[in-house]
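Residue numbers (this note's numbering): 69 to 620. C-beta atoms are modelled at their ideal positions from N, C-alpha and C, and glycine is treated no differently.
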Ligand SMILES: Cc1cc2nc3c(=O)[nH]c(=O)nc-3n(C[C@H](O)[C@H](O)[C@H](O)COP(=O)(O)OP(=O)(O)OC[C@H]3O[C@@H](n4cnc5c(N)ncnc54)[C@H](O)[C@@H]3O)c2cc1C
């Protein structure tokens, strides 16, 4: 396998690998493949690198995995030299980091920005993909890697009248690049998932009045964000080898934290309460790791959920508002747990109103108001914090045709089916990074991204070394994996929530638990074992052999 020709001007553009997307996954994929001598083209619909951090510029946007861990580990020089300024970096800082990585590893010359991939079609004779771009041109490549992101297809809700609203409408997942000021405005915000929870306190400080429209309340834990000192960073850097090893091999979610050895009901009330208090004071996502059975046992889970509800009740002064903010309809942690800075406290401000749109769904949006429960809430600007068509949304927007013209959308009509989250039978030489069926959004995603990218880089080299032309998930292996993913999900409390993990936020989307919940460490081991056994469950063929079989 070698580069045929790389030309941006000509009509013929042939690469070993086309990568779709220049977020953290696409950038690292590019870096690895170039290091191995492959010709690679990355197509990115945005005008810059960073993916999530390029698009999500809303007020208060920041990571919820601590920055010293939510960062690449593939280059020790990079992790030793980059100075994160806060425990959880803000969006501008993470975007600066992504740009630094692009420059440091000279990635830009291989990325074509402002170009969306519209279609990918597999040529069975040539064992290669033909890729159509939004500028109407085509490129061919032996392999296509979909690094399109799990949370990259912002979901605009289908609410009557939305298009007639006279003020500005913003989506948190596609925020303008220029400064947005809400000073002196009456702002409406729909959606109280992670983006809503991060932006509400910041918008409330600017706006004349903020009305938050809430369908489902979320469990949120204080982030306890703080500046990182040089000493903090130095102390952390000393333990980086162990932090990274643990995150990859032992952690369930790719985060370095204590491993609990007890269940919530093994402790008495006082002991349990003091452990929850300590974790609440420490802040952050690891709240769910206080005990080892919070996602497995409803009675155990209730103790944590009760604790958080009590905290909300303590913080929020107005009884009705406090009640509305307390989640009761699903176990804690079964929707992505949020972390916040003064979210609940913000509802004590005189300029903030919470409106329940579960009981009274929004009837319509008028030119200057949101109508619900027979009342019109006057607003000048509207923020949609309504999340994403998660995990499959960006893949589904591409017309992907595999063997016999089968489209991926048709194959996935009943829900996504993959082998290891990496490939789908019938779509040879097409890889997905952090796809459905892998730990993905249940993990520190940079850990999962690096693992997938390394695995893909290894297998592509393996094929080049053996002069293999096509690789495809076997149907039997895929069926077994899909069954396993489901089986593991249903040993936990996760499927009890109507979450975006289940596709439940998108009307008409099939309800299937999409990420693999078996844990980042065990999953990595499974992928490594598959590779060690000669890529068990994947069929690999050489064009010569395929032709002989066809001719005989
Ligand atoms: C607000 C927010 C906060 C988050 N915080 C965390 C966190 O703290 N920890 C964590 O682990 N994860 C977090 N995530 C998840 C985050 O998405 C991942 O951590 C990570 O950034 C994903 O990288 P990616 O490269 O896989 O995808 P993305 O960053 O989504 O990049 C995908 C890129 O592909 C491009 N693309 C898609 N389709 C096409 C197409 N057809 N043609 C061309 N380009 C295309 C998109 O424009 C995008 O730039 C957060 C997500 C959000 C939205």
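- Contiguous beta strand (DSSP E) elements confined to the region 106 to 142 occur at 108 to 111, taking only those with 3 or more residues.
- Taking residue 365 as reference, the option from 604, 606, 560 with the minimal CA-CA separation is 560.
- Counted as a single uninterrupted DSSP element, the alpha helix (DSSP H) harbouring residue 598 occupies residues 588 to 600.
- For residue 259, there is no enclosing beta strand (DSSP E), as DSSP marks it with neither H nor E.
- The beta carbon of residue 115 is closer than 7 Å to those of 181, 182 in its chain, skipping five residues each way along the sequence.
- DSSP places residue 250 in the coil class of the three-state scheme, outside both helix and strand.
- In this structure, residue 518 lies away from residue 220, with their beta-carbon atoms at least 9 Å apart.
- Between residue 260 and residue 293 a beta carbon distance of about 19 Å is seen, past the 8 Å cut, so the two are scored as non-contacting.
- Bridge pairing for residue 539: 608 [DSSP].
- Taken in chain order, the unbroken stretches of alpha helix (DSSP H) that lie wholly in the region 301 to 375 and span 4 residues or more are 308 to 317, 337 to 350.
- Around the beta carbon of residue 228, fewer than 16 other beta carbons lie within 10 angstroms, which makes this residue exposed.
- Nearest neighbour of residue 264 by Cα position, chosen from 338, 454, 210, turns out to be 454.
- Note on residue 249: under 16 other CB atoms within 10 angstroms of its CB, so exposed under the neighbour-count rule.
- Cβ-Cβ distances below 7 Å link residue 357 to 325, 326, 328 in the same chain, with the five nearest sequence neighbours on each side left out; the list follows chain order.
- Here the C-alpha atom of residue 266 lies approximately 8 Å from the C-alpha atom of residue 130.
- The DSSP-derived three-state label of residue 479 is helix.
- For the pair residue 549 and residue 498, the CB atoms are not nearer than the 9 Å cut-off.
- Under the three-state reduction of DSSP output, residue 184 falls in the coil class, being neither helix nor strand.
- Shown here for residue 416: same chain residues with a beta carbon closer than 7 Å to its own, the five before and five after excluded, namely 384, 385 in chain order.
- Looking at 268, 239, 361, the one whose alpha-carbon comes closest to that of residue 224 is 239.
- In terms of CA proximity to residue 564, 363 leads the group 363, 333, 406, 196.
- For residue 230, same chain residues with a beta-carbon under 6 Å away, outside a window of 5 residues either side, are 433 in chain order.
- Non-local C-beta neighbours of residue 331 in its own chain, meaning closer than 8 Å and more than five positions away in sequence, comprise 359, 360, 361, 365, 368, ordered along the chain.
- Per DSSP, residue 87 lies in no alpha helix (DSSP H); the unbroken beta strand (DSSP E) holding it starts and ends at 82 to 88.
- Closest in C-alpha terms to residue 486, from the list 471, 154, 474, 505, comes 505.
- Per DSSP, reduced to three states, the secondary structure at residue 447 is coil, with no helix or strand assignment.
- For residue 439, DSSP records a beta bridge to 432, 444.
- In this structure, the straight-line span from the alpha carbon of residue 233 to that of residue 435 is close to 4 Å.
- Put simply, of 128, 342, 201, 281 the residue whose alpha carbon is nearest the alpha carbon of residue 431 is 281.
- Residue environment analysis places residue 535 among the exposed positions, since fewer than 16 neighbouring C-beta atoms fall within 10 angstroms of its C-beta.
- In this structure, the alpha-carbon of residue 162 lies about 9 Å from that of residue 138.
- CA-to-CA, the gap between residue 195 and residue 301 works out to about 48 Å.
- When beta bridges are read from the DSSP output, residue 491 appears opposite 487.
- Residue 351 has its CB no nearer than 8 Å to any heavy atom of ligand 1.
- Short of 7 Å from the beta carbon of residue 133, and not among the five residues preceding or following it, lie these beta carbons of its own chain, in chain order: 323, 353, 512.
- Of the heavy atoms belonging to ligand 1, at least one sits nearer than 8 Å to the Cβ of residue 465.
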